Structures are given as structure tokens and as C-alpha cells.
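Add 7 to a position in the sequence shown, counting from 1, and you land on the number used in the working numbering.
Backbone N, C-alpha and C define an ideal beta-carbon position, used for all residues, glycine too.
Being a predicted model, the structure only gives us computed values, none of them experimental.
The block underneath contains the structure these notes are about, expressed in C-alpha cells.
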Amino acid sequence: MKNEQAFETLLAGLAAALNESLERHSAAASKGDLKALEAETELQRQLVEARKKLQALQKAWPLPIGKRPAAGKPAAPRPKAKRAPRAQKLKRGQKPPQDAYVLPILQALDEMGGRGAVPDVLDRVGQIMADDFNEHDRSTVKSGDIRWRTTAHWARHEMKEQGLLAAGSRRGIWEITEEGRVYLRDLSK
């Protein structure tokens with residue numbers, strides 16, 4: 008297994024664990040089980056932290072053996088490449104970056120009057136981003152969820168932390184905040 012595939016497998020496993028925790032969190036919320044809610048919230052925090060650490064490690068991972076400089080020779084400095092838009096850098100088999108979901112999620116919620124049921128929001132996001140997806144994005148992860156939908160859930164989590172989406176919405180509902188509306192207006196200009 009190549010390093011990149013190993014990282015993707017680990018990231019998919021973390022995403023599946025987060026989805027399972029979100030389901031348990033929702034069940035605990037509907038039962039009013041505060042102890043279980045706290046436990047799942049802490050687990051979700053740990054999973055997000057582990058994901059961030061894994062992504063940092065992925066970026067810092069050393070070059071493959073054949074691409075490393077010979078022993079005793081200093082590594083040649085890497086020329087700085089001009090940064091192209093991420094969409095142009097994606098190769099077949101890779102997914103759109105999580106940041107690519109922010110605008111479509113905000114647009115979908117805005118079209119729905121500011122809030123919507125998760126399946127409806129994701130269906131609309133899928134319509135907006137349909138041209139950006141490839142076979143890999145439409146495949147399922149180990150948990151059985153569609154890969155791009157899992158990435159959208161991760162994006163939603165980050166958007167909640169940034170204040171773009173409401174953190175206290177009812178179970179199964181995504182809701183845009185005033186800050187999210189301002190952000191959407193600024194991006195749409």
C-alpha cells in the first residue's frame with residue numbers, strides 16, 4: 008500500500024468513526040442522556056483533533072526512498088511552485104478539498120430559507136457540485152456512506168467551528184448563521 012493510500016484509508020476510518028459518533032450523539036440527544044451526550048462530544052473532539060494531526064503528518068511525510076537525496080549529499084532546495092487553484096491540481100481519484108464544500112453548503116441553505124434537513128441540504132449540494140465529482144467521490148467508504156457526503160459532514164463540522172453554521176440546531180437540521188450569510192454575500196460579490 009502506498010503512503011497516500013494509507014493516509015486516505017486512515018482518514019476514511021476517522022470519518023466513519025465520526026459519523027457513527029454523530030449518530031450515537033443524536034440518539035442520546037433524543038433520549039435526553041446527558042452523560043452519553045458529553046461522552047460523544049468528547050469523542051468527536053478527539054476524532055477531529057486526530058484528523059488534524061493526521062493531515063499535518065500527511066503533509067510532512069518524507070519523500071519515497073527513490074526520491075530522497077543520496078546519503079551524505081545535501082538535499083537540493085525545492086523550487087517554489089506557483090500555487091494553482093486546487094481544482095486544477097486535483098488528479099483522478101482524489102476528492103475535492105473540504106473547503107470546496109463551504110460555498111455550496113451556504114448556497115443550499117440560503118436557497119432553503121436558512122435551514123434544511125440534512126438529506127435535502129446534501130442533495131442540493133450534490134446538484135451544485137455534480138460537475139466536480141468523479142467516480143472516487145461517488146464511491147462508498149467503509150461505513151457505507153457516500154464519500155463526498157462524508158466530506159460534506161466534515162466541512163459542516165469546520166463551518167460550525169468557524170461560526171458559519173449554527174451549533175445548536177435541532178437534530179438532523181443544518182442552519183446558516185448571520186455570519187454565514189455575510190460570508191456568502193461577500194463570496195458572491
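- Per the Cβ contact rule, the region 12 to 27 is in contact with the region 151 to 168 (3 or more Cβ pairs under 8 Å).
- In the structure shown, THR147 falls within a strand segment according to DSSP collapsed to helix, strand and coil.
- Contact annotation: GLU45 and HIS32 have beta-carbon atoms that are not nearer than 7 Å.
- By the beta-carbon neighbour count (other beta carbons within 10 angstroms, threshold 16), ARG156 is buried.
- Put simply, of ALA107, SER176 and ARG154 the residue whose alpha carbon is nearest the alpha carbon of THR16 is ARG154.
- Collapsing the DSSP output to three states places ARG178 in coil.
- Exclusion of the five residues before and after ILE112 leaves VAL128, VAL132, ALA159, ALA162, ARG163, MET166, LEU172 and TRP181 as the residues of its chain whose Cβ lies within less than 8 Å of its Cβ.
- Annotation: the continuous beta strand (DSSP E) that includes GLY123 extends over 122 to 124.
- No Cβ-Cβ contact shorter than 7 Å links ARG58 with LEU110.
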